[in-house]
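Accompanying notes for the structure given below.
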Amino acid sequence: MASITFENLTKKYDDLTAVNDLNLSVNDGEFYVMLGPTGAGKTTSLRCLSGLDKDYQGSVYIGNSNVTDWSPAHRDVAMVFQQYSLYPHLTVRENLEFPLKSKIRMVPQDEIERRVNYAAATLKIVDLLDRKTDKLSGGEMQRVSIGRAIVRKPKVFLMDEPLSSLDAKLREALRIELKRLQKELGATLIYVTHDQVEAMSMADRVGIIKEGQLIQSDTPHKVYNEPKNTFVAGFVGSPKINFFDGIVENGRLTIKGSPHQFQLESEILEKIRGITGELIIGVRPEDIFLTHEAQEGACEAKVYVIEHMGMENLISFHIDPYHFKAATDSAFEVNANDKIYFRFAQEKLHFFDKNSEENLV
Amino acid sequence: MANINVKDMIKRFGQTEVITKLNLEIKDQEFVVLLGPSGCGKTTTLRAIAGLEDIQGGEITIDGKAVHDLPVKQRDIAFVFQLFALYPHLSAFNNIAFPLKAAGMPKSDIEKRVFAVAEFLQIKSLLKSMPSALSGGDLQRVSMARALVRDPKALLMDEPMGTLDAKLREELRTELKHLHIETNSTTVYVTHDQVEAMSMGDKIAVMNDGILQQMGNPKEVYDNPSNIFVAQFIGSPVMNVVDCNYATDGDVTHLVLGENNSDKFTLSKNLTQKLKAKNGDSKNLAVGIRAEAVDLKLEPTKGYVKVEVEVIEPLGPFDIVDVKVGDGLVRSSTRSQYVEKSCKHVWIHLNEEKIHFFDTQSGQSLNINAEA
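Right, here's the structure in full:
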């Protein structure tokens, strides 16, 4: 396996800059997830790395080799796509053998068998080896696609939304399998998705990409708890983080446009180092505490909607002009239009600059 | 608005029966979600209620009146295909007025109806705006106004948010639920997304293979699923369902999960008794337990079983820790970063009050509840 480096990678299609000056190093043996909305440039970055897209500026390294001018075949990367591109008229075994039988590779027959058997055992598809691939379920087909990548023993695995077309239950199961597999193989893997749950749950590090630019590259814990700007804070986490304009003055936080004020704790004031004035404040649903009764330091609000999610209840309320959504224990019952009292877990508040939307802490 | 009743409904396409004796009771002003995987018959059911599909058996009544032989027009139902597909070249007013114009209503009546519904949904100030100038929430209100302007007996919606991105869907489902509280319109909503179903439904009808699996409010289907299918279709992470058996050794009864497993969970006397009453021979038994009901500790603890950590999945507000139990995995949700990467073993305990038992042959719940 090998590390990967993008150095000042820029890819343009006519007027559109799909990837804008990407600088990123992925470590040997790392599970790296590129996360972002559709059209952010994630797939294009992968295609430049694999050599499928050419005519880009900047450099791409695999291990110590600058592969910028290499053909796809010589880069030795294996790709797995959302659409499983298997040969329907071949059996699973033949599909797995296929990449090894190419003239460039010249893999001896006993070695082919060894690798196919290993891949099949790892992916639990031994029973399927003699079946035609058009007789397989979606999950089985995706396993075979991954198997076909494994047998090649590539330097790098690239996966582009491989689980997107599977149902929720299967996706959850394959998420775990893929993560185990990657660790077992010690593989360097770059995985592209728009699904923040997939990114968070599998990645060693997540790179959040927006409009061709890498915004933040960190562990799942960091992107969730220390988002670099409002975009990252809003993209990661479900239900979404609540944003509101807040005014920090004389040690108090006011929800702008409302009479609601909170005395900020001294640790928080220390953390924001004397920043005052109008800011964007972010607070995640699980960091809002609700009570039925009035409490010291809590503000009153009226319930807008309650959603019973099973594990928790989501309770929305309005503080004009903002919407808030709080996550509570599933035993916390209220009805629409009931009065409730809310306060924030202050150590979990996020403070962003009003103009740049960058995290100030 | 109205009550809708589906009684013993059968739907066939050619020789293939796609809906088997379906019974649904939808009360006036209720928001009922038909939930299931693709191909389960939920859309076909909705279309049958609307009159877009004929049925081969049973009946559909609206307010007690059989309608399954009536044409679409006479059923007085609004079918909302996409909640946000407004005509881009028409103002909000003209979008709302469109169904009335199409029905040939006089102009003065149209205005009256449009203003009334706009007042009701608090969008009077938006009537002159073009759709491109409206926010997602406002678009939804205008679409809703268009559906309600004819004063239909019920609203039927088929995956109306299907094409939208996740964050917008999250926002709009709250809005739609609020709109329902405001309008109290009897609504039947089709989706394959359990999160949507849970968040919006007064009741959820879970379907699979053309058969109704369970109908109940979100809490009921989550806390008391009637079978393994419902248990695993509702909720994320998916409920752990593991084959198990139990054995009594002297005074103590142990539950053993999976095969090739020496891990034993001690059962209370109360639960043992109930279990023996329903499943005397300890055969064809599976235990179901949600990730949040699998308690996890970092140190040996009385009543807890030592297990190997397989994978840790951080989700932000909490982590899911997958541990090895027998040949399989059990998922536990824990505080974020409670279990560190370097951690090889942890100790788990199954919260008895949240344990479900299923018959693995029929898939049905044994309805054993440790609490009661």
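Each protein sequence line maps, in turn, to chains A and B.
Using the numbering used here, you'd call the opening residue of the first sequence number 231 and step up by one each time.
Using the numbering used here, you'd call the opening residue of the second sequence number 90 and step up by one each time.
Every residue, glycine too, gets a C-beta built ideally from N, C-alpha and C.
Whole-angstrom distance between residue j and residue i, CA atom to CA atom
| i | j | result |
| --- | --- | --- |
| LEU358(A) | ASP332(B) | 24 Å |
| LEU400(A) | CYS529(A) | 43 Å |
| VAL398(B) | CYS278(A) | 37 Å |
| HIS548(A) | LYS532(A) | 7 Å |
| THR247(A) | GLY288(A) | 14 Å |
| LEU326(A) | GLY377(A) | 7 Å |
| ASN567(A) | ILE545(A) | 11 Å |
| ARG424(B) | ASP448(A) | 20 Å |
| SER371(B) | HIS343(B) | 11 Å |
| ALA234(B) | VAL206(B) | 6 Å |
| ASP298(B) | SER315(B) | 16 Å |
| GLY140(B) | MET430(A) | 44 Å |
| THR275(B) | PRO515(A) | 30 Å |
| ARG573(A) | MET287(B) | 26 Å |
| PHE447(B) | GLY377(B) | 7 Å |
| VAL95(B) | ASP291(B) | 18 Å |
Minimum Cβ-Cβ distance from residue i to chain A less than 9 Å
| i | result |
| --- | --- |
| GLN229(B) | no |
| GLU259(B) | yes |
| LEU405(B) | The question names Leu, but residue 405(B) in the sequence shown is Gly. Answer yes: the Cβ-Cβ gap between GLY405(B) and chain A drops below 9 Å somewhere. |
| SER180(B) | no |
| ASP247(B) | no |
| ASP416(B) | no |
| MET287(B) | yes |
| ASP254(B) | yes |
| GLN283(B) | yes |
| GLU399(B) | yes |
| PRO195(B) | no |
| PRO160(B) | no |
| GLU119(B) | no |
Below-9 Å beta-carbon distance, residue i vs any chain B residue
| i | result |
| --- | --- |
| SER315(A) | no |
| ILE406(A) | yes |
| ARG503(A) | no |
| GLY487(A) | no |
| GLN426(A) | yes |
| LYS470(A) | yes |
| SER431(A) | yes |
| ALA566(A) | yes |
| ARG514(A) | yes |
Own chain, CB closer than 7 Å to residue i, minus 5 neighbours either side, in chain order
| i | result |
| --- | --- |
| SER394(A) | GLN312 |
| ARG305(A) | SER280, GLY281, ILE292 and VAL297 |
| THR273(A) | ASP390 and VAL422 |
| GLY416(A) | MET231 and GLY259 |
| VAL535(A) | SER546 and ALA566 |
Extent of the continuous beta strand (DSSP E) to which residue i belongs
| i | result |
| --- | --- |
| PRO403(B) | 394-403 |
| LYS353(B) | 353-356 |
| GLN287(A) | 287-292 |
| ALA531(A) | 529-538 |
6 Å Cβ shell around residue i - same chain, five flanking residues per side excluded
| i | result |
| --- | --- |
| ARG239(B) | PRO188 |
| LEU494(A) | GLY481 and LEU483 |
| TYR278(B) | VAL122 and MET246 |
| LEU172(B) | GLN229, SER232 and PRO249 |
| ALA575(A) | ASP517 |
| GLY452(B) | ASN316 and ILE317 |
| ASP360(A) | THR321 |
Start and end residues, alpha helix (DSSP H) containing residue i
| i | result |
| --- | --- |
| HIS612(A) | With chain A running from 231 to 591 in the structure shown, residue 612(A) is simply not present. |
| MET371(A) | 368-380 |
| MET289(B) | 283-289 |
| ASP384(B) | Per DSSP, ASP384(B) belongs to no alpha helix (DSSP H); it is in the beta strand (DSSP E), 383-386. |
Proximal residues to residue i (C-beta, below 8 Å), its chain only, five neighbours per side dropped
| i | result |
| --- | --- |
| PRO267(A) | HIS424, LYS440 and PHE465 |
| VAL427(A) | SER468 |
| ALA336(B) | THR342, HIS343, VAL345 and SER371 |
Original post:
the stretch 351-369 of chain A: which residues have C-beta closer than 8 Å to a C-beta of chain B, in chain order?
Top reply: none
Original post:
What are the residues of the stretch 262-281 of chain B that lie near chain A, defined by any Cβ-Cβ distance shorter than 7 Å?
Top reply: THR263, LYS266, HIS267 and ILE270
**OP:** Below 9 Å between beta carbons is the criterion; list the residues of the stretch 300-334 of chain B that meet it against any residue of chain A, in chain order.
**Re:** ASN306, PRO307, LYS308, VAL310, TYR311, ASP312, GLN321, PHE322, ILE323, GLY324, SER325, PRO326 and VAL327
**OP:** Below 8 Å between beta carbons is the criterion; list the residues of the stretch 516-544 of chain A that meet it against any residue of chain B, in chain order.
**Re:** GLU516, TYR534, VAL535, GLU537, HIS538, MET539, GLY540, MET541 and LEU544
Subject >> Interface positions of the stretch 573-588 of chain A facing chain B (Cβ-Cβ less than 8 Å), listed along the chain >> reply: none
**OP:** Compile a chain-ordered list of the residues in the stretch 410-439 of chain B whose CB is closer than 9 Å to at least one CB of chain A.
**Re:** ASP411, LEU418, ARG420, SER422, SER425 and GLN426
Subject >> Short-range partners of chain A found in the stretch 361-394 of chain B, where Cβ spacing is below 9 Å >> reply: ARG379, ALA380 and GLU381
Subject >> Against chain A: residues of the stretch 209-230 of chain B by CB proximity under 7 Å >> reply: none
Original post:
When you check each C-beta in the stretch 407-421 of chain A against every C-beta of chain B, which residues fall closer than 7 Å?
Top reply: LYS409 and ARG410
Subject >> Cβ-based contacts, 9 Å cut-off: residues of the stretch 284-308 of chain A near chain B >> reply: So nothing in the stretch comes that close.
Original post:
For the stretch 262-275 of chain A, which residues have a beta carbon sitting closer than 9 Å to at least one beta carbon of chain B?
Top reply: PRO267 and THR268
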